[in-house]
Amino acid sequence: MRLETRRLLDRAFSSLGLIAIGVMALALVVILTPIIVRGSGAFIFRSTIEHRKVMFDQWDRGNAGRLETAKAEVAAARQPVYDMLAAFNTELDAMPRADRKPYKQSLRDLEKALAGLLGPVPGERTPVLIRQQYGATRWDRTQIKLDDVLTTEEWDYSDPTALGKLVRTPRVEQFRGTKLEPLFPYVEQNIKAMMQPRWTCYWQFLFDTSKDSHIFGGIGPEVLGTIYLTLGAMFFAIPMGVIAAIYLCEYAREGRVISFLRICISTLAGVPSIVFGLFGLAFFLNTIHISDSKSVLAGALTLSLLVLPTVIRASEEAILAVPRAYKEAAMSLGAGRWRTVMTVILPAALPGILTGVVISMGRAAGETAPIIFTAAVSVGRPLLPLEALSQPTPALSWNIYNLCTEHEAVDEIRHVQYGMVFTLVAVVLLLNVFAIIMRARISKKLRG
Amino acid sequence: MSAAIEMKRASSFAGHAEEDFSLHPAHVQTEDFSVFYGNFEAVKKVNCNFPEGMVTAMIGPSGCGKSTLLRAINRMNDLIPSCRAGGTMTFDGENIYRKDIDVVSLRMRVGMVFQKPNVFPKSIYDNIAYGPRLQGIKNRNDLDEIVESSLKQAAIWDEVKDRLTTNALGMSGGQQQRLCLARALAVKPEILLMDEPTSALDPKATTKIEDLIGQLRGQYTIIIVTHNMQQAARVSDLTAFMYEGTLIEFGATRQLFTRPREKQTEDYITGRFG
Amino acid sequence: MKPKAHSPKRSLVMNASTSRLRRLGAFLGQGFLFSVTSLSTLTVFFIFYFIAKDAFPFFKLEGFREFFTSTHWYPSGHPAEFGAMAIFFGTGLVTLGAVAVSVPLGISAAVCLSDVLPFNTRQIVKPVIEILAAIPSVAYGFFALVVFAPLLQNHGGIVLSTGAWLILTPILSLLVIVLGDLLADRFPEALRRKARWICTLTLGAAALTGMMMLGNHLSAIQIASGTNALNVSIILGIMALPTIVSVSEDALQATGRELREGSYALGATRAETIMKTVIPASLSGILAAVILGVMRAIGETMVVWMASGNASRIPEPWYNMLEPVRTLTATIAGDMGEADHVTGSARFHVLFAMAFCLLTFSFVMNLVSESIVRRSRKKLGK
């Protein structure tokens, strides 16, 4: 081949590698962007008057006086809607029976859509479910609910070869010529006055319990559950892992037994996480009955086994990175092996061990499969520390799965799902960034 | 008496009679002492004695076993898994390779300074107090006193007395090495082993360490391994020349450097190899 | 000169009782350390034992035949059917897909990281990889289900054709350049310059037309369900990337500078050095990286559970990535919720049987990769 071509190929080769790295970075950005953007929407968003009502009724937050004024303003803005409905009802009563019929179903649908947007009609009996007591709490949901009021949606399956198509038709068509016709433009134009959207920072999202299975409120129990599980897992994994690393690095003589132990560790690292979950179920719960039902304790133990290999490896690396000179110096001053480990090697290895521990914490916080059968429930209240020994808990990772697959109103609570993912990812990333910075400082120290 | 001692005695009677080293009681004495790494014999049946209160230098090309022999004196070689020793090495009348020897006590009585300054990543104070604390000294006043006197002995007190609590890693290489010396002295050893203590230092710091060795002469038995023949000539009373694990010649420094008895010694000190 | 008075001399010889006490202490201490170490490492046997203990009743009750050969999976039916072949197949398909995504990307990224990028840039890229590795699997699953699946379902054709363009453009342009050059070499010296241009242009045009046709074909495709094997394969591939990149980068680095310098000194370009000397020398390490990546993809639960569609049947045709599939891990996670109440039944034990298969597979894979790494280390003399 000609030299030029070889050079061209060389450049192409390098750019191929660069493209691969670019794709990787792109994947990271593509995955993180929606999580961050929409996740922060769970904390900072335009809330409507309904949100303020929920906050005041359920959590005693907000200024009562100001809320009453706002309520009055909103009620005034909404009154024409109810007036029009009442007028239409009288109109309907005046109609002949046969004409009345087609309007009945349409009216019921409209009333349902309006309740979704504005909440129950004032003066009517308060519904039992909390979710039916309030209208749309968020401005973005308000837009969707408004669409529901203004249009009806239907699936068009007329073409059998293609997939069904969604068709929206204005609802006003159903009420042409009646007293309800002006309702639709009125609602569309006055939606702001009826909902009073306002930018809110709902930071309590992190700590609040949820009301009516996550439709209102925050993710407090999940956050707490994740903290319990993570700290519990580290409580077991750190001592075991560090002791194992000390033994392997400082005491063990290389031989059959040790290489066997090492194979065990690497096998443990390769065990799929769902198998850990099954093991936790079969051993901790069904065999030694560590608690009557699923519990945080069982989950933490299972997770600790999962992160154990990581902790052992990180600690081993950190211990091996301690210069041999330290060990020799301590020995020459008359320190025994144990004293050397405790006074010199461990303190010097501590930052490295901590780095590994922090990374494992991120792993433990994010793992779902091991806790499905051992610790996690979908809905629960925040546990007291002692209750964690015997009771299951909701946890971020599990509830993300649960809310976006098994919840009855998946679309209603997208913001909660995103908020949870955002919180979990933020926690894990912060832990990792902390570890990365710490490692950079260690390597600088070892080099300098 | 071993053959080497006989030889050395003969040499000092024959030529330089300015000081008779044989009159000094032996502090460390080896008899047919060997060290093996696996199957490799790094030190081959060495017989010699290191007299009390003297500075003995060990020279020889790299890999000749001088460091191994030095490290054998406080059993630092125990750290190397495949390493074992043969023959006897006596310290203060006891064979230190006997089974019932307390290695920890041995190392407290035999201090060591290493090739590279190996201060702990702790404060200066904690570095010095490390050894005394191991011995169970907890009283703050006692510790203060030991720290001060050791640092003074190592001639570094004036430089660090205002920053005893700062991390020792922030000091210059020469200071660190003197701190290591002070740390070894704080245990109040009888013997100081120095394994090429100046090889990582600049000339100025080297001079300071050499001066210190001069000041410590007589108070401690000092055994120093060095690559640098001028250094051996400057600081030591006695010099041992080793080659390929064997002790070739052992005698008064001046005699060994001016009138070596062995051909190999002469070749080495005149720079024909090594 | 008299030696300075030292602190009271410690006796070098331990008396018998101290010696015994000391030895006992050391023995107990080491024993403690050893037992903690073995306890934590031998956990893996506990896992094997307890999974196997609950897996064997299934084989005793139902035998092996149906489990491995039938595709009928109705564990709650009457009579219950436990044909897991489609599930095994789904696992394999998804894993293959993940490998197809992650191996080429991962290895080129590793090469770039170890040989192309300057040190400073590497320090920036490495955290990117670490963050990719750190994102919890449930977050990937959430992305796959909530963002990626609707995208595939609503704009499947566009996504597919964009993907095809992205992948094929660099590969085809490389191919065109090389082929054009090789063809031009066959012409006589005088014509070569012109011939090169003509060859390259013709080939380029041909490639472009092919691409256009493929793109049109792909963008006409409609995807019935966004939760399918393709979705999961891509996400799993991204998840396996960090493992593959970091392990194979280690392998590439381990070959050392001397080897590279030897090749450069003979006038090889960087690409030639890497392709002809560095990669062959570190092939076993790269293989180990691929195996680890495969293990990560097979063992992953949440993504496949959330976004694979969980349909227990073999796609038509078998390589159709656009159909939903079901994997072992997702089956375990999904069915245990119901099977939990019927502890002791075949429905309960079949899940352990699946876990046992997973465990055995990962164990064997692990041993293979360990032995590969060990052998290559020996070969490199490290």
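Protein chains in written order, with the numbering used here: chain D, 1 to 448; chain X, 449 to 722; chain C, 723 to 1104.
Cβ atoms here follow ideal geometry from the backbone N, Cα and C, with glycine treated the same way.
Rounded C-beta distance between residue i and residue j? I'm assuming under 8 Å.
i	j	result
X/Ala653	X/Gln625	7 Å
D/Phe279	C/Ile1020	In fact, because the Cβ distance is near 17 Å, the residues do not count as touching under 8 Å.
X/Val491	X/Val483	4 Å
C/Asp837	C/His1071	51 Å between Cβ atoms; not a contact.
D/Met194	D/Val74	6 Å
X/Cys628	X/Phe562	7 Å
Could you give the first and the last residue of the continuous beta strand (DSSP E) run that contains residue i?
i	result
X/Thr538	Cys531 to Phe539
D/Arg198	Arg198 to Cys201
X/Lys492	Phe488 to Pro499
X/Gln477	Ala474 to Tyr485
X/Tyr691	Leu686 to Tyr691
C/Ser792	From DSSP, C/Ser792 is part of no beta strand (DSSP E); its letter is neither H nor E.
Are there 16 or more other CB atoms within 10 angstroms of the CB of residue i, so buried, or fewer, so exposed?
i	result
D/Leu9	buried
C/Ala727	Per-residue confidence for C/Ala727 stands at a pLDDT of 41, beneath the threshold of 50, marking its modelled position as unreliable; no derived number is given.
D/Lys145	buried
D/Ser158	exposed
C/Trp795	buried
C/Ile893	exposed
C/Phe767	exposed
D/Leu417	As written in the sequence, residue 417 of chain D is Gln, which differs from the Leu given in the question. Buried is the call here.
C/Phe789	buried
C/Trp919	exposed
D/Ser273	buried
D/Gly380	buried
D/Leu333	buried
D/Ala244	buried
X/Phe461	Because X/Phe461 carries a pLDDT of 39, less than 50, the predicted location of this residue cannot be relied on, and the following value inherits that uncertainty. Exposed is the call here.
D/Arg141	buried
X/Gly584	exposed
In the DSSP assignment, find the alpha helix (DSSP H) that holds residue i and state where it starts and stops.
i	result
X/Gly622	Gly621 to Ala634
D/Phe207	Per DSSP, D/Phe207 belongs to no alpha helix (DSSP H) and is neither H nor E.
X/Glu658	Pro651 to Leu664
D/Lys101	Arg97 to Leu118
C/Leu974	Ala951 to Ala976
D/Val54	Ile49 to Trp59
D/Thr69	Ala64 to Ala94
From the beta carbon of residue i, is the nearest beta carbon of chain E less than 8 Å away?
i	result
D/Asn402	Considering every chain present, this structure includes no chain E. Its protein chains are D, X and C.
Segment contact, 8 Å Cβ cut-off, at least three pairs: the region 429 to 446 of chain D with the region 846 to 866 of chain C:
yes
Short-range partners of chain D found in the region 955 to 988 of chain C, where Cβ spacing is below 8 Å
Ile960, Leu963 and Val967
Given a limit of 9 Å on CB to CB distance, which residues of the region 315 to 344 of chain D reach chain X?
Pro323, Arg324, Ala325, Tyr326, Lys327, Glu328, Ala329, Ala330, Met331, Ser332, Leu333, Gly334, Ala335, Gly336, Arg339, Thr343 and Val344
Taking a cut of 8 Å between CB atoms, which residues from the region 1061 to 1086 of chain C lie near chain D?
Asp1062, Thr1065, Leu1073, Phe1074, Ala1077, Leu1080, Leu1081, Ser1084 and Phe1085
Could you name the residues of the region 578 to 593 of chain X whose beta carbon sits closer than 8 Å to any beta carbon of chain D, in the order they occur along the chain?
Tyr578, Gly579, Leu582 and Gln583
For the region 546 to 557 of chain X, list every residue whose C-beta sits within 7 Å of some C-beta in chain C, in sequence order.
Asp548, Ile549, Asp550, Ser553, Leu554, Met556 and Arg557
I'd like to know if the region 519 to 537 of chain X and the region 545 to 556 of chain X are in contact, where contact means that at least 3 CB-CB pairs between them fall below 8 Å.
yes
Would you say the region 330 to 344 of chain D touches the region 279 to 298 of chain D, given that touching needs at least three Cβ pairs under 8 Å?
no
Given 8 Å as the limit, is there contact between the region 564 to 576 of chain X and the region 313 to 326 of chain D, that is, 3 or more CB pairs closer than that?
yes
Is the region 1050 to 1061 of chain C touching the region 998 to 1011 of chain C, taking contact as three or more C-beta pairs under 8 Å?
no
Determine contact between the region 209 to 228 of chain D and the region 60 to 77 of chain D, defined as no fewer than three beta-carbon pairs at a distance below 8 Å.
no
If the cut-off is 9 Å on Cβ atoms, which residues from the region 220 to 241 of chain D count as contacting chain C, listed in chain order?
Ala237, Pro239, Met240 and Gly241
At least 3 beta-carbon pairs within less than 8 Å: the region 245 to 253 of chain D vs the region 163 to 176 of chain D
no
So if I threshold CB-CB distances at 9 Å, which residues from the region 735 to 751 of chain C count as touching chain X?
Val735, Met736, Asn737, Ala738, Thr740, Ser741 and Arg744
Quick check: the region 987 to 997 of chain C against the region 1005 to 1024 of chain C, are at least 3 beta-carbon pairs closer than 8 Å?
no
Give me the subset of the region 904 to 928 of chain C whose CB atoms are less than 8 Å from a CB atom of chain D, sorted by chain position.
Leu904 and Asp907
Closer than 8 Å is the cut-off here; do at least three beta carbon pairs connect the region 804 to 813 of chain C with the region 922 to 929 of chain C?
no
Give me the subset of the region 261 to 276 of chain D whose CB atoms are less than 9 Å from a CB atom of chain X, sorted by chain position.
none
The region 345 to 358 of chain D touching the region 367 to 375 of chain D, judged by at least three CB pairs closer than 8 Å
no
Please name the residues in the region 13 to 36 of chain D whose beta-carbon is closer than 7 Å to at least one beta-carbon of chain C, in chain order.
Phe13, Ser14, Leu16, Gly17, Leu18, Ile19, Ala20, Ile21, Val23, Met24, Ala25, Ala27, Leu28, Ile31, Pro34 and Ile35
Contact the region 633 to 646 of chain X vs the region 668 to 675 of chain X: 3+ CB pairs below 8 Å
yes
Answer yes if the region 191 to 209 of chain D comes into contact with the region 355 to 369 of chain D, meaning at least three C-beta pairs across the two stretches below 8 Å, and no otherwise.
no
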